[in-house]
Every structure is written in C-alpha cells, then in structure tokens.
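Comments concern the structure below.
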Amino acid sequence: MSLKTRAVLAPLTRLRAHTTTRVPSALAATYYQQRAAPGTLLISEATYISPETVGTHTAPGVWSAEQVAGWKAVTDAVHSKGGYIYCQLWHIGRVAHTSFNEDPVVKGSGYIVCRSASDVTLPGKAQGTFTGASASNTKPIPFSLDDIARLRQDYVKAAKNAIEAGFDGVELHGAHGYLIDQFLNEDVNKRTDKYGGSAENRARLLDEVLGDLCAAVGNDRVAVRLSPHVNNPKTAFFGTTGADYENTYRIAYQTASKHKLAYLLVTEQRWAPAGDDAANFALHHLPCANAAKYNKYYTSGPIIGASGFTPVSAANAIADGTFDAVAFGRWYIANPDLPFRVLHGLPLNRYKRGTFYTPGAKGYTDYPTFERVCAQLGVKVTDYIAPANADAETKAAIEHKFDELVALSEGKLAYPLITVKALGIATTAPAAAAAAEAGKLTAKL
Ligand code: PHB
C-alpha cells in the first residue's frame, strides 16, 4: 500500500447496516466511495466478527456470506477510485447487554453475548439494549480456555472473510474498552491463568490474535488500534481502569510492534465522550501525551494518530514527527474530499452531530465536495487554489477569499463552511503551510 495522503478516514460507527442481517447497506458503498481518492486509506466502521459480539442495532458484521457480498460492493466502489480500505474487526465483550441474546442474528446462532476476560460488570447503564429500554449493564461470562481457542478462530474467519470481500487489510480493534482492552486492563481482567496477572499475560490475547491474523492474511495486511489512557474511571474507556496502565500499554505497543504490522492506529485521549463539542474543542489543545509516552515502544512501522485533529494540528503532528499520518473522524464525515481540502487548506463543511448515527442518506452521503459547494455558490474552484509557488501576498489574498466564501455559504447551504483557521488550533502561518505539505507527501504504509 502506497499512500498519496497522510489524511486517513478513521473507523467510525454510522449505524446504517441492515437491522436483522447486519449486511452493510447499498448506501455504505456510496459513502465510502465518496471519501476515496487515489492513494487514500479508509478504515471501515467497527465491524462485528461474530454474533457473539452484537451489542448495538444496525452495526454491520463480517461473518456471513451475505455480509461479505455487501462489503464487496463497498470495497469495489473504493478501489474504483484508487483508494484503499481496511476492515476494523470488533468484539465488544462485556459492553454488549445480555438482552442482545434476543437479536435475530444471535438467537439460535449458538453464541451468547456479554463475554469478557472475567465476570466484572461494566459499571453504569448499558449503551443499548435489545428492546431499547434503559437498563444496567449485565454480568459478563468469562471466556474459558476452549472459548478463547474458538474466539481466535472467529477472528481468523472474519479476517479471511474481509479479504474475500476485497478489503486491503484488517485492523484489530484493541482499543476503547472493548474485548481486547478488557483483557489488557487488570481491573477488568481478574484471571489467574496465563491470560491474567502480569501485563505480558494480559497482552497474551492481543499477541495471539495478531499472530493468528498475520498467519492467515499476511502481516502486511494486518493493523491494530490501541488507546492508552491514564487510570481515571471518569476518562477510561468503558471502565477499563488499572493502576498498572503505563506498563500495560508499553507491553501492548511492544507486542504489536513484534508483528511488523501495516500500521498502528492510536487514540489520543482528547475527546469528551458525550458529544459536547465545546468541551471537545478545549481538549483538542492538549498535547499528544500518548505519542510522547509510548511511540518509542512501537518501532516496526507507521503510527497513525487520531482524536481531535484539525488539518493544521495534524500537519504539525506530522511535521514534528509525532505521527506518520492522522485519522480524521468528524471532519471526514462532513467532507468527502477531505484530503483534497487538507492539501489546499480549503474551508470545510461543518458537520451535524445529530445525523452521525441516524438511518438513511441524511448526514451520510449528502455532504458535498468542495467542487459541488463552489457550483452551488456560483464560484470557481480554481480561484481558491494557490499555485505551488505562490508568494505570501497571493496566499493572503486566497485566505481572504476563504473568509468571503464562508460568509457566502451562511444561510445558503445545508452545511455551511468554516475556515480551517477558524478552528482555532495552532493557526500560525508556518503551520498552515505545513498543512498544505501534509497532503502532498507520499506515505509508504
Ligand atoms: C461506537 O460505536 O460508539 C464506537 C465504536 C468503536 C469505537 C468507539 C466507539 O472504537
């Protein structure tokens, strides 16, 4: 895989798969295709590896032939534009409420949901239940050694299915308090066998699954996501606390590094969980603490950073060597041509949070490209693109035109524009220049 941009589509739950079959919808092909361009890397939404992990409605799976066929339409659409797409393999463990045993894809499948390293219940209310009623989280069933052997096979089957469906690779979801992360953290993993106790033992499942995936599809088609975090119940992902966290994530990074993967995707803990954008924007100013602490333990390939990046802060993180590439979520949802806009520092469509997880095309496939915005506003795209050798005066004139375009978009467009500068994070002129550079680099991933 040879990328032409370091702006990557982050894995993003969009909840638009078929309710009973968990097949991605036809709209998903359009959605991913819109975001593809030559040399872009897209990572799919988190995708269930088996019925055992189902814990939300309308998230897709990759265990059945029907789902594989659904994904094939997606990967074909992405490849037709010269892009790459990885499939994120998801097992949510104890985050699934036990009521999902009634879900049609689970019932009669032989699988039981709400499983974890140990029988430690996730505190608080469930993120969802089968009926939609509010309920507390339920006590997970610990995996026996036989269960783990079967679980490893489920990951392998899902990875092979993903490759059959045309994905360029698979990304093991080892982050955010889901199953692999539940094994990693000692407040959730109370096992006394070889999967519990020391950080090495808690990372054993991560190690084994990565080894299995590499053996099944090749290490150059396997990636992993990790999300180191401090030991604070308020900010730990789904209650995955543990006093030994620094050691835990050092070992996790070293374990991942051993497998010589396509990439490591890491989450910087710079977002507020409940969708409070004002709070989020404040957090985005925080330095990349995880990168500073753990990057040195992952030495075998590129590291992609994520969480709260704007085109400018991403360019800075790449320019100063913090990350090799940056994955964008919300800005890529709202800007199907995000790498192009990053390259030229163009204004961005504003996102609408209210349609992140709602069914249908609205807020999914109806965000326009910059070209379309220009057509709607009756202006010419080329007037907003600085020539490669533009002097400071020309650049300043174009920045001014951005402001005028934003003003023109207010009240006229469903998704009004915002300048990159207005996002207010590290907006110095040299940084803006680096933003343009970031898109031009060829990243060998
Ligand atoms: C979600 O569906 O809310 C979700 C999925 C995967 C993540 C984080 C959040 O890594």
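The sequence shown runs 31 to 475 under our numbering.
From the three backbone atoms N, C-alpha and C, an ideal C-beta is built for every residue, glycine too.
The model shown is predicted, which means the values in this text are computed figures rather than measured ones.
Asked: If you scan the region 355-428 from start to end, which runs of the beta strand (DSSP E) of 3 or more residues do you find wholly inside it?; Found: 355-358
Asked: Within a Cβ cutoff of 7 Å, which residues of the same chain sit near L368, ignoring the five residues on either side of it in sequence?; Found: A37, F358, W361, Y362
Asked: What residues does ligand 1 have around it, judged by CB closer than 5 Å to any heavy atom, in chain order?; Found: T43, A76, H206
Asked: Put K102 into one of helix, strand or coil per three-state DSSP.; Found: helix
Asked: According to the neighbour-count rule (16 or more other Cβ atoms, all chains shown, within 10 Å of its Cβ), is R300 buried or exposed?; Found: buried
Asked: If contact is defined by three or more beta carbon pairs under 8 Å, each pair taking one atom from either stretch, is the region 265-285 in contact with the region 214-223?; Found: yes
Asked: Is it true that the CB of F339 sits closer than 8 Å to the CB of L376?; Found: no
Asked: If you draw a straight line from the C-alpha of S166 to the C-alpha of A156, how long is it?; Found: 5 Å
Asked: Quick one: measure Cβ to Cβ for Q118 and H206, integer angstroms, because I've assumed they're closer than 8 Å.; Found: That belief does not hold up - the Cβ atoms of Q118 and H206 are roughly 11 Å apart, past 8 Å.
Asked: I'd like to know whether the C-beta atoms of E82 and V143 end up nearer to each other than 8 Å.; Found: yes
Asked: Taking one C-beta from the region 171-183 and one from the region 89-99 each time, how about it: are there three or more such pairs within less than 8 Å?; Found: no
Asked: So R255 packs on L295, CB below 8 Å; how close in whole Å?; Found: 4 Å
Asked: Quick check on G112: buried or exposed, where buried means 16 or more other Cβ atoms within 10 Å of its Cβ?; Found: exposed
Asked: Is the beta carbon of A253 closer than 8 Å to that of Y116?; Found: yes
Asked: When we look at the beta-carbon of N262 and count the other beta-carbons within 10 Å, is it buried (16 or more) or exposed?; Found: exposed
Asked: Quick check on DSSP: helix, strand or coil for P153?; Found: coil
Asked: Express the C-alpha separation of A292 and D242 in angstroms, rounding to a whole number.; Found: 15 Å
Asked: Using a Cβ-Cβ cutoff of less than 6 Å, which residues in the same chain neighbour S129 once the five nearest sequence positions on both sides are dropped?; Found: T159, F160
Asked: How would you label T458, buried or exposed, when you count the other beta carbons within 10 angstroms and need 16 or more for buried?; Found: The predicted position of T458 is uncertain, since its pLDDT is 40 and thus under 50; a value taken from the coordinates is nonetheless stated next. Burial call: exposed.
Asked: May I ask you to report which of helix, strand or coil DSSP gives E75?; Found: strand
Asked: Suppose you measure from the CA of E194 to the CA of Y185; what does that come to, to the nearest Å?; Found: 14 Å
Asked: Entirely within the region 250-314 and at least 4 residues each: give me those alpha helix (DSSP H) ranges in chain order.; Found: 275-288, 307-313
Asked: Does the separation of the CB atoms of A103 and A59 fall below 8 Å?; Found: yes
Asked: Using the rule of at least 16 other Cβ atoms within 10 Å of the residue's Cβ for burial, across every protein chain shown, is L181 buried or exposed?; Found: buried
Asked: Using CA atoms only, rank isn't needed, just tell me which of A437, G69, A107 is closest to A56.; Found: A107
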